[in-house]
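Peer 1:
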Amino acid sequence: MTMLRWHSSAICALLLLAMVAQACAPMGEKAAQDRKKANAARNLGEAYLSEGNYTGALKELLKAEKLNPDDPLLHNDLGLVYMAKDKFNRAVGHFEKAIELKPDYSLAKNNLGSAYMIRKEWDKAIPILEDVTGDMLYATPHFPLTNLGWAYFNKGDYAKARRYLKKALKLKPEFFLARLHMGQTHLATGRLHQALTLFEKLAEERPQNPALLLALGKAYRMLGDYDSARLALKGAIEYTENNELAVEASEELKRLYR
Numbered sequence: 000m001t002m003l004r005w006h007s008s009a010i011c012a013l014l015l016l017a018m019v020a021q022a023c024a025p026m027g028e029k030a031a032q033d034r035k036k037a038n039a040a041r042n043l044g045e046a047y048l049s050e051g052n053y054t055g056a057l058k059e060l061l062k063a064e065k066l067n068p069d070d071p072l073l074h075n076d077l078g079l080v081y082m083a084k085d086k087f088n089r090a091v092g093h094f095e096k097a098i099e100l101k102p103d104y105s106l107a108k109n110n111l112g113s114a115y116m117i118r119k120e121w122d123k124a125i126p127i128l129e130d131v132t133g134d135m136l137y138a139t140p141h142f143p144l145t146n147l148g149w150a151y152f153n154k155g156d157y158a159k160a161r162r163y164l165k166k167a168l169k170l171k172p173e174f175f176l177a178r179l180h181m182g183q184t185h186l187a188t189g190r191l192h193q194a195l196t197l198f199e200k201l202a203e204e205r206p207q208n209p210a211l212l213l214a215l216g217k218a219y220r221m222l223g224d225y226d227s228a229r230l231a232l233k234g235a236i237e238y239t240e241n242n243e244l245a246v247e248a249s250e251e252l253k254r255l256y257r
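Its first residue numbered 0, the sequence shown is counted upward by one per residue in numbering that gives the first Met the number 0.
(1) Output the distance between the C-alpha atoms of L144 and A194, rounded to the nearest integer angstrom.
(2) Quick check on the DSSP output: the alpha helix (DSSP H) that includes F142 runs from which residue to which?
(3) For L136, which three-state DSSP category applies?
(4) Take the Cβ of I236 as the centre, count every other Cβ of all protein chains shown within 10 Å, and call the residue buried at 16 or more, exposed below.
(5) How close, in whole Å, do the beta carbons of T281 and R161 come, if the pair is a contact with beta carbons under 8 Å?
(6) CB-CB under 8 Å to L79, same chain, minus the five flanking residues each way: which ones, in chain order?
(7) Could you tell me whether the Cβ atoms of L164 and A177 are closer together than 8 Å?
(8) Under the three-state reduction of DSSP, which class applies to Q207: helix, strand or coil?
(9) Kindly list the residues whose CB is nearer than 6 Å to the CB of Y238, restricted to its own chain and excluding five residues on each side of it in sequence; keep chain order.
(10) Within 10 angstroms of its Cβ, does G216 collect 16 or more other Cβ (buried), or is it exposed?
(11) Can you give the Cα-Cα distance for R257 and N42, rounded to whole angstroms?
(12) Looking at the structure shown, is K108 part of a helix, part of a strand, or coil, going by DSSP?
(13) By the 10 Å Cβ neighbour count, where 16 or more other Cβ atoms means buried, how is N146 classified, buried or exposed?
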């Protein structure tokens with residue numbers, strides 16, 4: 000190749016490189032801008048989510064998803080919003096996507112396990128939650144431990160339920176839900192006085208909690224204190240927005256008149 004031809008080829012190559020660089024630069028800048036806009040929308044969506052404005056949160060999070068669909072934090076947020084809106088299939092899909100994008104994302108795993116528990120799919124929830132409890136860096140391990148205790152309770156394995164609830168309470172002795180579930184486990188295994196003592200203490204803290212009032216009503220009925228049982232069960236019906244809990248409390252009330 001002559002020097003002239005080589006020089007011409009070199010110039011062509013440099014021109015091509017310059018064209019590629021010019022083409023790539025705007026694309027890189029656009030991607031960075033999209034991520035910035037997506038993060039802003041996600042942050043606003045999270046603010047709405049914390050305020051309980053789920054429709055506002057969903058609107059912002061869907062904007063963010065269009066701009067940055069591979070953000071695991073965003074998919075976890077979307078899962079939480081869909082859970083709040085009782086769209087559990089969609090919630091599960093977004094939690095799974097978050098975990099696919101970030102396999103060590105324990106918060107999303109715990110949320111996925113929680114979604115399965117709401118659907119009463121205990122056998123799906125348990126292995127996911129057990130995986131979370133093995134994460135030494137997870138900041139709030141009492142949540143998955145309590146969820147595991149409740150999952151095993153609903154499977155009728157009260158020994159495992161008690162074991163996980165004890166672990167949760169060792170880490171967070173004042174955690175209401177773990178204490179409530181421990182009381183329910185006492186009740187299911189015939190430890191009626193232990194259950195009642197725990198429920199009455201919890202009622203001092205949260206006198207209008209429907210799940211607690213239902214459990215308290217059951218304990219009073221089983222111990223023969225029908226007046227107290229009636230009062231607690233009527234309170235459970237009054238304060239709950241959960242139809243299933245209201246039906247269960249109504250059935251308990253009927254037992255008092257048999």
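Ideal Cβ positions, reconstructed from N, Cα and C, are used throughout, including at glycine.
Peer 2: Walking through what the data contain:
(1) Cα-Cα distance, rounded: 20 Å.
(2) F142: member of the alpha helix (DSSP H) spanning H141 to N153, first to last residue.
(3) Residue state for L136 is assigned as coil, using DSSP reduced to three classes.
(4) Burial check for I236: the Cβ neighbour count within 10 Å reaches 16 or more, so the residue is buried.
(5) The structure shown does not extend to residue 281, since the chain spans only 0 to 257, so no value can be given for it.
(6) Only L48, A90 and N110 meet the Cβ criterion.
(7) For L164 and A177, yes; Cβs fall inside 8 Å.
(8) Coil, per DSSP.
(9) Result list for Y238: Q207 and P209, in chain order.
(10) So G216 counts as buried.
(11) Their backbone Cα atoms lie some 55 Å apart in a straight line.
(12) Residue state, collapsed to three classes: helix.
(13) It counts as buried.
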